[in-house]
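Visitor: Mind the numbering: the sequence shown is residues 1 to 510 in full-length UniProt numbering, read in order.
Ideal Cβ positions, reconstructed from N, Cα and C, are used throughout, including at glycine.
For clarity, every value in this text was computed on a predicted model and none was experimentally measured.
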Amino acid sequence: MSMKPPATVLLGDFILYAIARHGTAPAFIDDRGQTSYSEFGAMVAQALARLEALGLPEGATIAQLSENCTRQYALMAAAYIGGYRSLTLHAKGGREDQAYILEDSGAAVLVGGETMIAAAIELAAMRGIACYSHEACAGAERFWPDGAPAQPLPSRAKGGAESIIRLAYTGGTTGRPKGVMLSNRALAANTVMALTRIDFPSQIRFLCPAPISHGAGSIVLPTLIRGGTVILQREFSTAGFAAAAKRHRATVSWMVPTMIGALLDDPQLPDDALESIETLIYSGAPMEPARVIEAVERFGPVFVQCYGQSEAPNTLLILDKAAHREAPDAAGTPFPFIEIELRDEQGAVVEPGEVGEICVRGQLVMSGYHARPEETAEVLDDGWLRTGDLARVGADGRYRIVGRAKDMIITGGFNVFPAEVEAIMARDPAVSSVAVFGTPDRKWGERVTALLVPRAGCDVDPDRLRAAVREAKGPVHVPKAIFTTDALPKTGLGKPDKVAMRRLYAESGG
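#1: Rounded to the nearest angstrom, what separates P270 and G82 at their Cα positions?
#2: My guess is that I231 and A244 are in contact by the Cβ rule of under 8 Å, so how many angstroms apart are they, rounded?
#3: Roughly how many whole angstroms lie between the Cα atoms of R404 and D389?
#4: Using only alpha-carbon positions, find the residue among V453, D272, V296 that is nearest to residue 521.
#5: Report yes if the CB atom of V453 is closer than 8 Å to the CB atom of T411, and no otherwise.
#6: By how many angstroms is the C-alpha of P177 removed from the C-alpha of Q98?
#7: Taking only three categories from DSSP, how would you classify K480?
#8: Should G113 go down as buried or exposed, given a rule of 16 or more other Cβ atoms within 10 Å for buried?
#9: Where in the stretch 97-143 do unbroken runs of the beta strand (DSSP E), each at least 3 residues long, occur, reported from the N-terminal end onward?
#10: Could you check if S202 is buried or exposed, using at least 16 other CB atoms within 10 Å of its CB as the buried criterion?
#11: Using a Cβ-Cβ cutoff of less than 6 Å, which residues in the same chain neighbour Y399 once the five nearest sequence positions on both sides are dropped?
#12: Which residues mark the beginning and the end of the alpha helix (DSSP H) in which K246 is found?
#13: Short of 6 Å in beta carbon distance, which residues of its chain neighbour F40, apart from the five on each side in sequence? Order them along the chain.
#14: Here's the rule: buried if 16 or more other CB atoms are within 10 angstroms of the residue's CB, otherwise exposed. What is Q268?
#15: Please report the residue range of the beta strand (DSSP E) in which Y307 lies.
#16: Could you tell me which of G12, L280, G159, W144 sits nearest to E58, measuring between CA atoms?
#17: Which two residues bound the contiguous alpha helix (DSSP H) that contains F28?
#18: In angstroms, rounded to a whole number, what distance separates the CA positions of Q309 and Q34?
#19: With a cut-off of 8 Å on the beta carbons, I'd call D344 and G353 a contact; round off their distance for me.
#20: Can at least three beta-carbon pairs, one atom from the stretch 150-165 and one from the stretch 68-85, be found at a separation below 8 Å?
#21: Using a threshold of 8 Å, state whether the C-beta atoms of T61 and S133 are closer than that.
#22: Given residue 560, which residues of its chain have a CB within under 7 Å of its CB, disregarding the five upstream and five downstream residues?
#23: Opposite C208 in the DSSP bridges: which residues?
#24: If you draw a straight line from the alpha carbon of A111 to that of L102, how long is it in whole angstroms?
#25: Between which two residues does the beta strand (DSSP E) containing A450 stretch?
#26: Would you kindly check if the distance between the Cβ of A91 and the Cβ of L65 is under 8 Å?
#27: Excluding five sequence neighbours on each side, which residues of the same chain lie with their C-beta closer than 8 Å to the C-beta of E122?
#28: Rounded to whole angstroms, what is the Cα-Cα separation between M3 and V9?
#29: Taking the straight line between their C-alpha atoms, what separation do you get for G494 and P289?
#30: Tell me where the alpha helix (DSSP H) around Q203 begins and ends.
#31: Could you have a look at residue 524 and say whether DSSP puts it in helix, strand or coil?
#32: Among M408, A150, R442, R372, which one has its Cα closest to the Cα of A42?
#33: Assess, as a yes-or-no matter, whether the stretch 233-241 is touched by the stretch 205-213 under the definition of 3 or more beta carbon pairs within less than 8 Å.
#34: How many angstroms separate the CA atom of F14 from the CA atom of I225?
#35: So P222 and L182 are in contact, right, with Cβ under 8 Å, and what is the actual spacing, rounded?
#36: Could you pull the DSSP bridge partners for A42 from this structure?
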């Protein structure tokens, strides 16, 4: 008997399709071994049964703090299928941020990975919620029951097109992360757009050295739909990546530019290290044009750049493999099924060749910021999202990003908001005032740089400042350069003049 087609295809329906379609084929490989599609389906069914046994209602937020592993994605899949909200904390984030995100999201439970469970137990205790572990350990009950699942997978995912199924937290100028609400509509569109436009090979063996909790996770479902295999690495290293690529004959990967730079700069890397890779997607930050050319010359025309942001994930602009030699400075052309306009500060569309803010509209766009209606209204208007990024369109039709309307720093593929770091450094008793900004860095794209004014009679301790930032925000936010001045440069309006600050930094020999 044929099944009645759903009125709306939800993200969880894609996962259920992949499980049913590909059966005994290998779906995942992680540190604990290989998992077939059927075995993965049983894992998802176990997770669904456990969430129901815990009495969690639809729409409850299921948080994870985990390294890359198959069980991590199985729990994410269960959340999508069961109509819950998946929240995956940044494994390298600061405890202060992680605790705030758990509170702001109203997370019902927290599940910790094998290497993250101690931190997860601490965070759950701070929040007063239950903590479970992916693997057996002391101090937390194992989330996964032994034996076969008590019930089969459902035939359809729960929820509707506008149901929120993921909270993705991004930094904010107020100093607190904001929860981006992503619906079935947005994430299903993201999947369809990736499959439609990215040049995937016929056989996808996706080697994933970056956290699936963030951007790299967007390639997992397209891989599963195509019947491919996801190969998960817990940590990135050039030697580890090269060995895994060779061992598994990986054909696809996803990286931030810093990772590509590490491969280029490793003198021990074999010439054939990426021999099997046919498509290497990079995202999360711009890449210097000279490095783009160097990468293509070293590893071949395998690179695909995807531009997006948390509010419209991953699939706004794409620079194809062939375009990397002729336009290494470009972000690319629009993905299908999305509208893009460049607008001035008054909201008018700019003339061709002029710089404007990238504004987008389409199924991909977020529903808003969790519990922040005013900040949502600042960036969403009649379905149009203001990205905060500035660009121009060249005669070749390609978009080139020239800056950011906001002062966000992108270092190693991660977003750092200066106000967050400034607030922490300003707590130090030796600091009178401080400004944080990005400066060019060959390895990281941008480095976090701090200019500060010491209090009279005080000596600034850079190590103490770095330690404070590391504790609150994690290592990504730690300033790589700290220098002092008598007074922060200001504009005529009395605002911090970060152009002048960058000039001061350059003149200081930075």
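Guide: Looking at the atomic coordinates:
#1: 45 Å
#2: 6 Å
#3: 4 Å
#4: This structure cannot settle anything about residue 521, because the visible part of the chain is limited to 1 through 510.
#5: no
#6: 9 Å
#7: In this structure, K480 counts as coil in the three-state DSSP scheme.
#8: buried
#9: 109-112, 130-133
#10: S202 comes out exposed.
#11: L317, A331, A391, V393
#12: Run containing K246: 238-248, per the alpha helix (DSSP H) assignment.
#13: A27
#14: exposed
#15: Segment 303-309, the beta strand (DSSP E) holding Y307.
#16: When the alpha-carbon of E58 is set against those of G12, L280, G159, W144, the nearest one is in G159.
#17: From DSSP, F28 is part of no alpha helix (DSSP H) but of the beta strand (DSSP E) over 26-30.
#18: 32 Å
#19: D344 to G353, Cβ: 13 Å. No contact.
#20: Because the criterion of three Cβ pairs below 8 Å is met, the stretch 150-165 and the stretch 68-85 touch.
#21: no
#22: Outside the shown range of the chain, which is 1 to 510, sits residue 560, and nothing can be said about it.
#23: L232
#24: The residue asked about is misnamed: residue 111 is Val in this sequence, not Ala. Near 12 Å, if we compare the C-alpha coordinates of L102 and V111.
#25: 445-454
#26: yes
#27: R95
#28: Below a pLDDT of 50, predicted positions are generally treated as unreliable, and M3, at 47, falls in that range; no measurement from the model is reported.
#29: With a pLDDT of 48 at G494, under the threshold of 50, the modelled position of this residue cannot be trusted, and the question is left open.
#30: Element bounds for Q203: n/a, residue is neither H nor E.
#31: Residue coverage of the chain in this structure runs from 1 to 510, which leaves residue 524 outside it and unanswerable.
#32: For A42, the nearest C-alpha among the options comes from A150.
#33: yes
#34: 7 Å
#35: Not confirmed; about 16 Å, so no contact.
#36: For A42, which the question treats as bridged, DSSP gives no partner whatsoever.
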